[in-house]
Structure formats: structure tokens, C-alpha cells
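Q: Please find one structure pasted underneath; my questions will follow.
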Amino acid sequence: LSAVEAGADAIVVSNHGGRVMDHMPGTAEVLPEISNAVAGRIKVLVDGGIREGIDIIKMLALGADAVMIGRPICIAAFGAGQEGVSFYLQEKLKELKKAMILTGCGSIDKIDPSIIFRKKGER
807 LSAVEAGADA IVVSNHGGRV MDHMPGTAEV LPEISNAVAG RIKVLVDGGI
857 REGIDIIKML ALGADAVMIG RPICIAAFGA GQEGVSFYLQ EKLKELKKAM
907 ILTGCGSIDK IDPSIIFRKK GER
């Protein structure tokens with residue numbers, strides 16, 4: 807909530823690839839609580855562990871306004887330059903569209919927490 811009070815336009819929820827501290831919760835675990843705390847006041851950007859289109863839809867369903875993808879884009883750039891990045895992003899878009907179809911989400915604004923399966927007792 808300090809970011810809201812400071813007048814920030816957005817916050818980034820990140821675990822920095824899990825490299826900073828062992829045994830810390832993943833981004834997806836803390837995202838709903840953070841998103842709910844700042845709902846409507848600032849945008850919530852998220853990164854960490856996003857590799858596939860299904861990861862994108864999960865983060866959006868858990869409360870992110872946008873996702874950021876770092877390492878896979880760097881790998882694509884190092885491997886094949888601009889063409890590699892373009893190909894990677896096109897594939898993620900296809901995967902996201904497929905995930906949206908399979909979950910009945912006709913548009914990004916239709917993605918919500920109801921598409922996330924939770925075991926009994928999980929929040």
C-alpha cells in the first residue's frame with residue numbers, strides 16, 4: 807500500500823526468478839492478496855515463471871493487469887535476434903488464445919479467478 811500512498815501508477819509483483827531467497831512464495835501465491843489490496847487504485851504488473859500462454863492467463867485470472875516476460879525473451883533474442891523474439895511472442899499469443907478458448911474467455915476482460923481450479927481449502 808506504500809506504492810499507492812506514494813502516488814505510483816503501478817507496482818511489479820516479482821520473485822526475480824526465485825533466485826533471491828530459497829523457500830519464498832511464488833508470484834502466483836501472493837498475487838491475489840496484493841491485487842485485492844490495491845484493486846482499482848494502481849495497475850499490477852507481474853513477472854516470474856511466465857513461460858507459456860497458460861501462465862499468462864493464470865496471472866491475469868489471479869489479478870494481474872499485465873504480465874512481463876524476461877528470461878525467455880532474452881533467450882529468444884540471443885538465439886535468433888529480432889526474428890526469435892517475434893516468433894516467441896507469436897507463439898505465446900497463440901497459446902494465450904488457446905487457453906482463453908478452453909476456459910470460455912472471449913476477451914481479456916472476461917478472464918477472472920473462476921477459471922482457476924483450487925483444491926478444497928485452498929484460497
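If you count the sequence shown from 1, you need to add 806 to reach the numbering used here. Think of the CB as a built atom: it goes at the ideal place given N, C-alpha and C, for glycine as much as any other residue.
#1: Based on the DSSP secondary-structure assignment, which residues constitute the bridge partners of Val850?
#2: Tell me, which residues are paired with Val873 by DSSP?
#3: Taking 9 Å as the threshold (C-beta atoms), are Ala834 and Lys864 in contact?
#4: Applying the 10 Å Cβ sphere with the 16-neighbour rule, what's the burial state of Ala843?
#5: Hey, would you say Ala816 sits closer than 9 Å to Ile848, going by beta carbons?
#6: On a CA-only basis, which of Gly885, Asp853, Ala882 and Phe884 is nearest Ile941? Give me that one, please.
#7: Quick check on Ala845: does DSSP put it in helix, strand or coil?
#8: If we count the other Cβ atoms within 10 Å of its Cβ and call it buried at 16 or more, is Met906 buried or exposed?
#9: Count the other C-beta atoms from every protein chain shown that fall within 10 angstroms of the C-beta of Asp861, then say buried if there are 16 or more, exposed otherwise.
#10: Would you say Pro919 and Ala867 are within 9 Å of each other, going by their C-beta atoms?
#11: Compute the distance between the beta-carbons of Val850 and Leu837, then report whether it is under 9 Å.
#12: I need the DSSP call for Met858, collapsed to helix, strand or coil.
A: If we stick to the structure as given:
#1: Position 44 of the sequence shown, counted from the first residue, corresponds to residue 850. For Val850, which the question treats as bridged, DSSP gives the partners Ile817.
#2: As a first step, residue 873 must be located in the sequence shown, where it is residue number 67. Looking at the DSSP assignment, Val873 forms a beta bridge with Val852.
#3: Taking the sequence shown and counting its residues from 1, one reaches residue 864 at position 58. Taking the sequence shown and counting its residues from 1, one reaches residue 834 at position 28. Yes, the Cβ-Cβ distance between Lys864 and Ala834 is below 9 Å.
#4: On the sequence shown, position 37 is the one that residue 843 refers to. With fewer than 16 other Cβ atoms within 10 Å, it is exposed.
#5: Within the sequence shown, residue 816 is the residue found at index 10, counting from 1. Within the sequence shown, residue 848 is the residue found at index 42, counting from 1. The answer is yes: Cβ separation under 9 Å.
#6: With the chain covering 807 to 929 only, the question about residue 941 has no answer from this structure.
#7: One-based indexing of the sequence shown puts residue 845 at position 39. It is coil, neither helix nor strand.
#8: For the purposes of this step, residue 906 is taken as the residue at position 100 of the sequence shown. Per the 10 Å Cβ criterion, buried.
#9: The residue given as residue 861 occupies position 55 in the sequence shown. Asp861 should be labelled buried.
#10: Taking the first residue of the sequence shown as position 1, residue 919 is located at position 113. Taking the first residue of the sequence shown as position 1, residue 867 is located at position 61. In contact: Pro919 and Ala867 (Cβ atoms closer than 9 Å).
#11: Within the sequence shown, residue 850 is the residue found at index 44, counting from 1. Within the sequence shown, residue 837 is the residue found at index 31, counting from 1. Going by C-beta atoms, Val850 is nearer than 9 Å to Leu837.
#12: Counting from 1 along the sequence shown, the entry for residue 858 is found at position 52. The sequence given here has Glu at residue 858, not Met. Coil.
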